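With this note's numbering, the residue at position 594 of the sequence shown is 594, and numbering never jumps.
Glycine included, each C-beta is placed from N, C-alpha and C at the ideal position.
Computed from a predicted structure; not experimentally measured.
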Amino acid sequence: MQDLLETPIEFLKGVGPQRGELLRAELGIATYGDLLRHYPFRYVDRSRFHRIAELNENMPQAQLRGKLGPLKTVGEKQARRLTATFTDGSGTVELVWFKGARWIQQSLKPGEEYILFGKPGIYRSRFNFAHPEMELAATWEQGLSAALQPVYPTTEKLTAKGLGSRALWKLQKTLLTQVMGRIPETLPPSVLTLLGGMPREEAIRQAHAPTDRHKLDEALRRLKFEELFLIQLALLRQKELVRRSVEGHRFAQVGENLNTFYRDHLPFEPTGAQKRVVKELRRDMGSGRQMNRLVQGDVGSGKTLVALLSMLIALDNGYQSAFMAPTEILAQQHFATLSRMLEGMPVVVRLLTGSTKAAERKSILTALRLGEVHIIVGTHALLEDRVQFHRLGLVVIDEQHRFGVAQRARMWAKSEVPPHVLVMTATPIPRTLAMTLYGDLDTSVIDELPPGRKPIRTVHRFDSSRNAVFGFLEEEIAKGRQVYVVYPLIEESEKSDLKHVMDGYESLSRRFPLPKYAVGIVHGRMDQATKDYEMARFKKGETNILVATTVIEVGVDVPNASVMVIENAERFGLSQLHQLRGRVGRGAEQSFCILMTGDKLGHDARERIGTMVRTNDGFEIAEVDLRLRGPGDLMGTQQSGLPQLKLADLVEDAALLQQARVVAQRLLEEDPELAAPEHAPLAAALHAGGQAKVVWGRVS
Ligand code: ADP
Ligand code: MG
1 MQDLLETPIE FLKGVGPQRG ELLRAELGIA TYGDLLRHYP FRYVDRSRFH RIAELNENMP
61 QAQLRGKLGP LKTVGEKQAR RLTATFTDGS GTVELVWFKG ARWIQQSLKP GEEYILFGKP
121 GIYRSRFNFA HPEMELAATW EQGLSAALQP VYPTTEKLTA KGLGSRALWK LQKTLLTQVM
181 GRIPETLPPS VLTLLGGMPR EEAIRQAHAP TDRHKLDEAL RRLKFEELFL IQLALLRQKE
241 LVRRSVEGHR FAQVGENLNT FYRDHLPFEP TGAQKRVVKE LRRDMGSGRQ MNRLVQGDVG
301 SGKTLVALLS MLIALDNGYQ SAFMAPTEIL AQQHFATLSR MLEGMPVVVR LLTGSTKAAE
361 RKSILTALRL GEVHIIVGTH ALLEDRVQFH RLGLVVIDEQ HRFGVAQRAR MWAKSEVPPH
421 VLVMTATPIP RTLAMTLYGD LDTSVIDELP PGRKPIRTVH RFDSSRNAVF GFLEEEIAKG
481 RQVYVVYPLI EESEKSDLKH VMDGYESLSR RFPLPKYAVG IVHGRMDQAT KDYEMARFKK
541 GETNILVATT VIEVGVDVPN ASVMVIENAE RFGLSQLHQL RGRVGRGAEQ SFCILMTGDK
601 LGHDARERIG TMVRTNDGFE IAEVDLRLRG PGDLMGTQQS GLPQLKLADL VEDAALLQQA
661 RVVAQRLLEE DPELAAPEHA PLAAALHAGG QAKVVWGRVS
C-alpha cells in the first residue's frame, strides 16, 4: 500500500522522464507521495463570474466569460507585445502579453469562447488584463473546474515547460484518482476524533480538490495538526531519550559558598522570579542527569545574578564553571560584576578573551587545568581546544542567539561527563517558536523585573525635530544623567555607515562642547584597548554622551545612563531596538528612548516603531517580530534548526501547535515507545519524516 506512494513521479500519466527530472530538481518532487504533499498555497474562488460593465480597478481578481478577438503583435523591440480584445456583451477589455507570444499564439483560438481570470488594470482609460489565465469555455465545463481552485507553488522554469500551477493541479487530479482508497491513516482513532474525524485520505483529497470552503478548512486543519503533531512527538521523544541516556554531574550539596554569599554578599533581595528559576536550576543539577535549560528573561530582569548563584552551586559541589558571553565588552562587564559581587569570598574568577595577553593566558590556562580557577568568564576564546578544565561542571551561555549549535557542542566535549548547560537569552522567543525550537530543552522564564523600575518612556521623533531632541538631552545631562546615541552599522565594513557615526559624533561634539561636556565614541572597528577605554570612561561618568554602534546592543549595564537615542531607527529590527532600549531603565530614574527616523517610513518600519512606542513587553515585541519577519529570519536560518513546515504557520497556527503539543505529551505518557498497534503508523511516519534531525538537546 505504501509502495504506491513511493512510485517515481515520472510514471504518472502526463509526467514522463523529462518533466519528472524537472519536478525533482525544481520542487523536490520525486514520488507520488511527494506530489501529494505539494500543497496549494492558496485557493481562488472561481464560483463567481463578473461582467465587464461592472469591473473596477480595485478588484484583486475578476473572472469573465466572453469571446476572444484576433491576436495582434504591436510595438517595437523591447516594447513588443501581443494583444487581443475580449468581449462579453456588456463591454470590451484588452488583453496583453509581454512574454511568451509564440506559445500563446499557438495555444489560444481567436473567435472562441473563453473563461478569463486575472487582475483588472487600467491602461489608456480602458480595462486590461496582463497575462490572464485563459481556458476554453468548453473545456472548463468538461471538468477541470471547481468553485475553489488551488494555486500551487511552482517555478519559472517549470512554468516555461508547461508545469504551471494549473498543470500541477491537473497532475494532482490524475494522481488522486489512482491513489484513492490507498492512502493510509497516520493518526490513531483517539486523536482523529479530537480533530473532527476527517480521515487522512479525505483531507488530502480536499486539499487538492476542495468541494466546499467548510470541508477545505477542516481538511487543512487536520493536515496542519498532523504536521505539527509529528514534530512535537519527535521532539518530546528526543528529550526523553536524552533524559534517560545522558548522565550528568549530581550537585547534591547545598554548600558554604552559596550560603555565605546569600547571607553576606547579596547586593539586593532577589526577585520572586529569580528565586524560582534558581530553584529550578538547582533541582535539575541535583537530579543526576545533565541539565539543558534555557532561561529567558527580558533585558534587565537580572539574569546575571541567576548565573552567579548557579555557578556557586557548582563550586560548592567541587566543580568549575564557564561563563560565556558573545562580545568582549560583555565578557569584561560580567567579569567586573562577578568580581565585585564576590569580593571578600574565596572564589577565584578569571577573564579569558581574544585579547588576553599571552603570559596571562598561559597562567590562566594552567590554573584552569589545575582547578585553581573556579569561574572562568570569557568569549569564544573559551572554545579553543587548549582551554582545558580540571572538572568542568557547568557552562553558562549568555545571549544564546550569538552562539551556534556547533560551538555549544565544543563546550560539551571539554568534559567526559557532559557539563550542565544553562543558556540565557534576553531575546524573548515567542512561545510557539520556543516550543518548536526548544521542544527538547527545558525552559524557565524570569518574568518579573527588579522592583522600583520605572517603565521606559519611548517616543518617535523625525529627523526634522533634532534640535528639540538635543534640547531635551541637555536637560537630562544637566540632571546628571548620561546618554547613548546609537547609529546603525549593520556591516562593520560599510563605509557610509561608519561615516554617519563619525559625522554624528562630530556634530554632537560641536553641540555639546568641551569643557562643559564630554562625548565619547565606540564602534566595532576600533581596537580593543580604545573600546575598553571609552566604555570605562562612560561607566565612570566621565563622558555625558556615548556615540555608539550596535556593539553596545547586548548586556551593557550602566545604570546612570537614562536616555537612549537611536538614529535611523527604521533600519533596525524589532528585537534589536528592544535590546538597545534595554540599555537604559536600569536605575531608579525615569528613562527615555527616542527613536529618530526620516519622514518617509515603509509599512513594516512604521509597525516596528509603533510597537516600540506602544509596549515595553519583550514577549509582545517578539510576537510582532515573528509576524513581520517569519521564524527562520528571527533565529538566523542556518543555525535555527527549524523544521520545514509545509502547511502550518508558526504564527497563524499557534493555537493548533499548542494543541498538538498537549496531545503529543498525553500520547507519549500512555505509550512512550509508540508500541501499541494503533500507534504503529505514527511510529512509521516519524521514522520516514526524519524529524529526528532536530537534536537540540544533544548539543546544547
Ligand atoms: P539582564 O542580564 O537580565 O539584562 P542584569 O543581570 O544585567 O540583567 O541586571 C540588570 C540590573 O538589575 C543590574 O544593574 C543588576 O544589578 C540589577 N538587579 C538584578 N537583580 C536585581 C534585584 N533582584 N533587585 C534589584 N536590582 C537587581
Ligand atoms: Mg545580561
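A straight-line Cα-Cα distance of about 12 Å links residue 334 and residue 352. In the three-state scheme derived from DSSP, where H, G and I count as helix and E and B as strand, residue 106 is classed as helix. When rounded, the separation of the alpha-carbon atoms in residue 475 and residue 444 is 41 Å.
Around the Cβ of residue 206, a 10 Å sphere holds 16 or more other Cβ atoms; the residue is buried. Contact between the segment 202-219 and the segment 234-247 is absent: fewer than 3 CB-CB pairs across the two stretches fall below 8 Å. No Cβ-Cβ contact shorter than 8 Å links residue 339 with residue 396. Bridge pairing for residue 484: 546, 564 [DSSP]. If you look at residue 612, you'll find it isn't in any beta strand (DSSP E); it sits in the alpha helix (DSSP H) that goes 603-614. In this chain, the alpha helix (DSSP H) harbouring residue 314 covers 303-316.
Residues 350, 352 of the same chain have their beta carbon placed closer than 6 Å to that of residue 364, with the five preceding and five following residues left out of the count. Assignment of residue 290 by DSSP, reduced to helix, strand and coil, places it in the coil class. Taken through DSSP and simplified to helix, strand or coil, residue 393 comes out as strand. Taken from the Cβ of residue 398, at least one heavy atom of ligand 2 lies inside 7 Å. Looking at the DSSP output, residue 367 shares a beta bridge with no other residue.
Shortest gap from the CB of residue 611 to any heavy atom of ligand 2: 7 Å or more.
Using a Cβ distance threshold of 8 Å, residue 265 and residue 320 do not count as a contacting pair. Exposure of residue 16 is indicated by the presence of fewer than 16 other C-beta atoms within 10 angstroms of its C-beta. Judged by their CB atoms, residue 94 and residue 123 are nearer to each other than the 8 Å cut-off.
With fewer than 16 other beta carbons inside 10 angstroms of its own, residue 542 counts as exposed.
In summary, residue 300 is buried, with 16 or more beta-carbon neighbours lying within 10 Å of its beta-carbon over all protein chains present. By the Cβ neighbour-count rule, residue 298 is buried, with 16 or more other Cβ atoms within 10 Å of its own. Between ligand 1 and the CB of residue 301, the shortest heavy atom gap is smaller than 7 Å. Assignment of beta-bridge partners to residue 84 by DSSP yields 95. Taking the Cβ of residue 413 as the reference point, every heavy atom of ligand 2 lies at 7 Å or farther away. Here DSSP, grouped into helix, strand and coil, assigns residue 125 to coil. When C-alpha distances from residue 89 are compared across 58, 184, 54, 617, the shortest belongs to 54. Secondary structure at residue 198: coil, using DSSP grouped into helix, strand and coil. Following the DSSP letters along the chain, one finds residue 322 inside the beta strand (DSSP E) bounded by residues 320-324. The residue among 420, 410, 507, 8 with its C-alpha nearest the C-alpha of residue 243 is 420. Unbroken beta strand (DSSP E) stretches of 3 residues or longer found wholly inside the segment 467-536: 482-486, 519-522, given in chain order. With contacts defined as CB atoms closer than 8 Å, residue 65 and residue 137 qualify as a contacting pair. Shown here for residue 256: same chain residues with a beta carbon closer than 7 Å to its own, the five before and five after excluded, namely 316 in chain order. Non-local beta-carbon contacts of residue 149 in its own chain, meaning distances under 6 Å to residues more than five positions away in sequence, involve 44, 46 in chain order. Taking 7 Å as the cut-off, one finds no heavy atom of ligand 2 near enough to the beta carbon of residue 271.
Contact check for residue 450 against residue 302 passes: the beta carbons are separated by less than 8 Å. Distance from the CA atom of residue 565 to the CA atom of residue 329, rounded to whole angstroms, is 20 Å.
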